[in-house]
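Working notes, structure below.
Protein chains: 2
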Amino acid sequence: MTGKKKSAQASVEAMYRVFTVPEAPESTLSRIDQDISRNLAGFLQEHIVAVERDLSEVEKDFSEYNIPEKPVFVSEQAQFLLDKLVANSVHTASPAFIGHMTSALPYFMLPLSKIMIALNQNLVKTETSKAFTPMERQVLGMVHRLVYEEDGSFYRKWMHDPRHTLGVMCSGGTIANLTALWVARNRAFPAEGSFRGLHQEGLFRALKYYGHEGAAILVSSRGHYSLRKAADVLGLGRDALIAVETDDRNRIQPDALREKCLELQKQKIKIMAICGVAGTTETGNVDPLDAVADIAREFGAHFHVDAAWGGPTLFSRTHKHLLRGIEKADSVTFDAHKQLYVPMGAGLVVFKDPSLATAVEHHAQYIIRKGSRDLGSTTLEGSRPGMSMLIHSGLRILGREGYEILIDQGIEKARIFGEMIDEAPDFELVTEPELNILTYRYCPEDVQQALRVADELQAEKLNTCLNRITKFIQKIQRERGKAFVSRTRLEPAHYYRFPCIVFRVVLANPLTTREILAEILEEQRKLSGDEGISDEMTILHQMAAAVLKQHEPSARQA
Amino acid sequence: MTGKKKSAQASVEAMYRVFTVPEAPESTLSRIDQDISRNLAGFLQEHIVAVERDLSEVEKDFSEYNIPEKPVFVSEQAQFLLDKLVANSVHTASPAFIGHMTSALPYFMLPLSKIMIALNQNLVKTETSKAFTPMERQVLGMVHRLVYEEDGSFYRKWMHDPRHTLGVMCSGGTIANLTALWVARNRAFPAEGSFRGLHQEGLFRALKYYGHEGAAILVSSRGHYSLRKAADVLGLGRDALIAVETDDRNRIQPDALREKCLELQKQKIKIMAICGVAGTTETGNVDPLDAVADIAREFGAHFHVDAAWGGPTLFSRTHKHLLRGIEKADSVTFDAHKQLYVPMGAGLVVFKDPSLATAVEHHAQYIIRKGSRDLGSTTLEGSRPGMSMLIHSGLRILGREGYEILIDQGIEKARIFGEMIDEAPDFELVTEPELNILTYRYCPEDVQQALRVADELQAEKLNTCLNRITKFIQKIQRERGKAFVSRTRLEPAHYYRFPCIVFRVVLANPLTTREILAEILEEQRKLSGDEGISDEMTILHQMAAAVLKQHEPSARQA
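Residue numbers (the numbering used here), protein chains in the order written: chain C, 1 to 558; chain A, 1001 to 1558.
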């Protein structure tokens, strides 16, 4: 053998070993694996650096654009990932990180995920998933039952019927919402007479055939941005997503909704779908689903509920009443990687009617043939991993009671935190929690008094100043890395709908305690005295004083 | 404390433990975890039952539709999964399972996946992903460089630019293709004058404004079914996906494509996108991308290349010439869970022009704000896991050379298997491998002779009979569980385009040997003598004899 041939042979053998020889138990990667199994919280605590590095700094570690010519040792890559990636990742499981919808995971999810990845099934067809297909159908059936509470004969008939499906699994809520609206759109313009259906002939011909000028999706102004994205993807255009006014608790106003529908009808716009929100992303409020359902029925529209966040509230006997009317929905989105505590990448939509998804059915010769049990025939995605196994395990290992505890505790904790904010003179609760989400801001007592009497222009000035302070505190707190709240912008009615920046808090991590919440407030209070914002703070107090002086008598009354 | 309160307290504590107490090292789940780490191949071999159970039987284990009220022990669920789910899953990593596009995984992917899941990052925004964002941008940059080979200054300028992106990561090839065509559609009907763009006003108004009767996507008749699905989702309708004739090697015919474009133009149909295929799903062929690029340019159409399968051929110095012209594509789809050997759930699309994705840019107040580095502003999906970490590791640990070896060996193995089939008198190679995919069928020598001289009706009868036999052999071989080839339907030109069912083979598993391939053929040969198909076989031979008798002189010549 020549030297060149020998070296080629060695490379081939090295490549073969990568697929056949397990990592040695003492290797860097095996040690990490064991560390995580033994003590995940400790691993994350130890390896994620608290103090934030600027992203433009971090980018330097990821600036090479050439795929390396020669292989890098596994141990080298493992060490690189630990030092450069893990160290600068986000501690989403931290109980003091209450700004995300991502929380700590139950321990059992880790080894179960390993099984899932080791099996590497593909749910697009039974040929690459076998038992995973009925298992996924069962998960869809269980969530369907949670939402719609049909009787046993219903599930015995439909759950495993190859030509029907109770829902569709996907990578997350955005795809779930898109799938639901895809179904709604195709069903709104079905085949009839010489027209072979929107799915076949497209939106342009569909609107012409049915004599419409457009098609609309209605949702409250607090609806998730994925719905507008869906309107774009589906060819309706972003304008087709009609935002309806909310009441002072961020819930859609049924009267406004109905009026808007009548107006659209007059313009020959087809009311394609009405979406209710069960847990708004920013404020955790639930639309009056029952009333919305009635309006959807009145206008012959598909009724979709985006319960990506709030769906699991159905586990709670105490709070499920908030979602009354969800059982009237044609489709409901659930996010498993949120309050089902499954790792990132798992969402689903369930359909009231098991034949609904036929509106988007696809077949091919080499896959998902007609009459097969292949789940891929009605999914937006093609190849998909077996994430439903983790949902299956969550539902069984935690049980309804377990999830109920998690939901009830989250809502209770949000109530308590709301009270803490209310009682603190220098904080203002902006939206009270209905589920486990609330918003607030740092707002000194004198400014709160001033805001109570301020006219529109004065309120705008005070709020503009407060916005800068809120942004500053949120950013510095995040950078210091001990705690994290997120921020968003709301338009409170009592501040003349002026856009106010607020801290947003999601209380889904069962490990978050009252003490942690108190510390978060305390850190924010301290940051309000930071010199980086001292000029702003001086101006704020001066403005408040001026407003109070002008309105002295009424301020005293308030 | 009352009994009820005590029990409630106990439940709460149990729930808390699930999040804080690691699995004990001797628990069922920990043992599985360790088994997989120590010896994945052994674990799969031991736990996956070879002989297939009927799916209707398997369904019985997944027939409960109620979420259990009380929690089930982790060990009980682990055992259930082993016995009922894992046992009846598909051994996708088996070197004798050559019918899937899913193969064995490199060992290091397992512990790395565990890190990814433990970190539970969300790539939609930097607030929940920090270093994962630049890392993902780097991966996109590396694949971009592999495809487009721009120079260093290009990548230094664009790779980490917050207002641009070199591509979009997603859960798989279907979403990647959809994303590319979404971009293409929005760019085909941009804002102009009083028209605010398709993305805003929708397809109906876009076509009216631009004076088109429709919009079309053209691809060869061997294009992936996800493209037709995309035409449906995007509101164009499935009819808008125009299938263009292929030559006898399953490659698009540029002349036919050009003619079709001219025809559509006359009908005032906008040529929205032309898709080239780099690795057809069924036969592994590559379109003449260079010629297709020229036609796309001629008609001002977006040129997309679906390289979900064949993209990694670019790693091979020997075979990359097959993809010449791919660098002219506006967008290219790659599937990482195929020939990048990453676990299920990872695809991506790269864009030649870093500003292309702005056509689908979305923003919201609480997320992906304007000017942020958040990757979620141009992805179809919202929340997404950190799968790019696994691609990053694959690219570094295998290196270009490692992937080259995998690609070259797969193509070489397919060539060898093609020869084995050619040399076997009772098998017929239906499509020769160009990459690492081929199709064939069991076809006795006399039938092959008869087919050579048969007229159209006779060929149809012989092929109908062969179709039943191919289906039978494929099904029984799968059920016996030692080996697996898939099947599809092709319309070979030399059989008057009659639909022929064939075995389809994908040679991507580096552990598949020549001996294994010989055994697969041998098992199929034996199955051809199975009594379940003996009547069919008798008829086949009689038909062949009759054809040969009729054409005796010409048959002898052949």
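Note that the Cβ used here is the ideal one computed from N, Cα and C, for glycine as well.
Label residue i either buried or exposed according to how many other C-beta atoms from any shown protein chain fall within 10 Å of its C-beta, with 16 as the threshold for buried.
| i | result |
| --- | --- |
| A:F1073 | exposed |
| A:D1530 | exposed |
| A:N1088 | buried |
| C:V51 | exposed |
| A:S1103 | buried |
| A:T1538 | exposed |
| C:D248 | exposed |
| A:H1199 | buried |
| A:S1534 | exposed |
| C:R38 | exposed |
| A:A1545 | exposed |
| A:R1185 | buried |
| A:A1558 | The predicted position of A:A1558 is uncertain, since its pLDDT is 48 and thus under 50; no value can be drawn from it. |
| C:L262 | exposed |
| C:D330 | buried |
| C:K549 | exposed |
Mind checking which residues open and close the alpha helix (DSSP H) that includes residue i?
| i | result |
| --- | --- |
| C:F427 | Looking at the DSSP string, C:F427 is not in any alpha helix (DSSP H); the run it does join, the beta strand (DSSP E), is F427 to T431. |
| A:T1133 | F1132 to Y1148 |
| A:L1527 | R1514 to L1527 |
| C:I67 | Unbroken run through C:I67: none, as it is neither H nor E. |
| C:M169 | Per DSSP, C:M169 belongs to no alpha helix (DSSP H); it is in the beta strand (DSSP E), G167 to C170. |
| A:V1072 | It is not in any alpha helix (DSSP H) - A:V1072 carries neither H nor E in the DSSP assignment. |
| A:I1175 | G1173 to A1188 |
| A:D1530 | Careful: A:D1530 lies outside any alpha helix (DSSP H) and carries neither H nor E. |
| C:S103 | From DSSP, C:S103 is part of no alpha helix (DSSP H); its letter is neither H nor E. |
| C:E201 | L198 to E201 |
| C:G152 | G152 to W158 |
| C:D232 | Y225 to V233 |
Thinking C-beta only, is residue j closer than 9 Å to residue i?
| i | j | result |
| --- | --- | --- |
| C:A359 | C:A346 | no |
| A:E1282 | A:R1145 | no |
| C:S56 | A:H1160 | yes |
| A:A1357 | C:F62 | no |
| A:S1619 | A:H1100 | Nothing about residue 1619 of chain A can be reported from this structure: the residues present for chain A run from 1001 to 1558 only. |
| A:R1468 | A:E1523 | no |
| A:L1227 | A:C1170 | no |
| C:I117 | A:L1081 | no |
| C:S11 | A:E1460 | no |
| C:V147 | C:L406 | no |
| C:V277 | C:V219 | yes |
| C:L507 | C:P433 | yes |
| A:Q1448 | A:M1543 | no |
| A:L1451 | A:Y1495 | yes |
| A:Y1440 | A:I1473 | no |
Span of the beta strand (DSSP E) holding residue i?
| i | result |
| --- | --- |
| A:S1220 | G1214 to S1220 |
| A:V1244 | L1241 to V1244 |
Sorry if obvious, but does the Cβ on residue i come closer than 8 Å to a heavy atom of the ligand FAD?
| i | result |
| --- | --- |
| C:P433 | Ligands in the displayed structure: none, and consequently the ligand FAD is not present. |
If you scan the stretch 249-323 of chain C from start to end, which runs of the alpha helix (DSSP H) of 4 or more residues do you find wholly inside it?
-> 254-266 and 289-298
With a floor of 3 residues, list each beta strand (DSSP E) that falls wholly inside the stretch 433-499 of chain C, ordered by position along the chain.
-> 437-442 and 486-490
Would you be able to state if there are at least three C-beta pairs under 8 Å between the stretch 1229-1240 of chain A and the stretch 1169-1184 of chain A?
-> yes
When the Cβ atoms of the stretch 107-117 of chain C are set against those of the stretch 1007-1023 of chain A, are three or more pairs found closer than 8 Å?
-> yes
Would you check if there are 3 or more beta carbon pairs closer than 8 Å linking the stretch 373-386 of chain C to the stretch 122-130 of chain C?
-> yes
Return the chain-ordered ranges of every beta strand (DSSP E) run that is complete within the stretch 320-397 of chain C and spans a minimum of 3 residues.
-> Fully enclosed beta strand (DSSP E) runs of 3 or longer: 331-335 and 347-351.
Could you tell me which uninterrupted beta strand (DSSP E) segments, each at least 3 residues in length, are contained entirely in the stretch 13-58 of chain C, listed from first to last along the chain?
-> Positions of the beta strand (DSSP E) runs, each at least 3 residues long and wholly inside the stretch 13-58 of chain C, cannot be given because no such run exists.
Mind the definition here: the stretch 28-44 of chain C touches the stretch 1409-1421 of chain A only if three or more C-beta pairs lie below 8 Å; say whether that holds.
-> Verdict: no, contact absent.
Please determine if the stretch 262-276 of chain C and the stretch 203-218 of chain C are in contact, where contact requires at least 3 C-beta pairs separated by less than 8 Å.
-> yes
The stretch 284-297 of chain C contacting the stretch 187-204 of chain C, beta-carbon criterion three pairs below 8 Å | no
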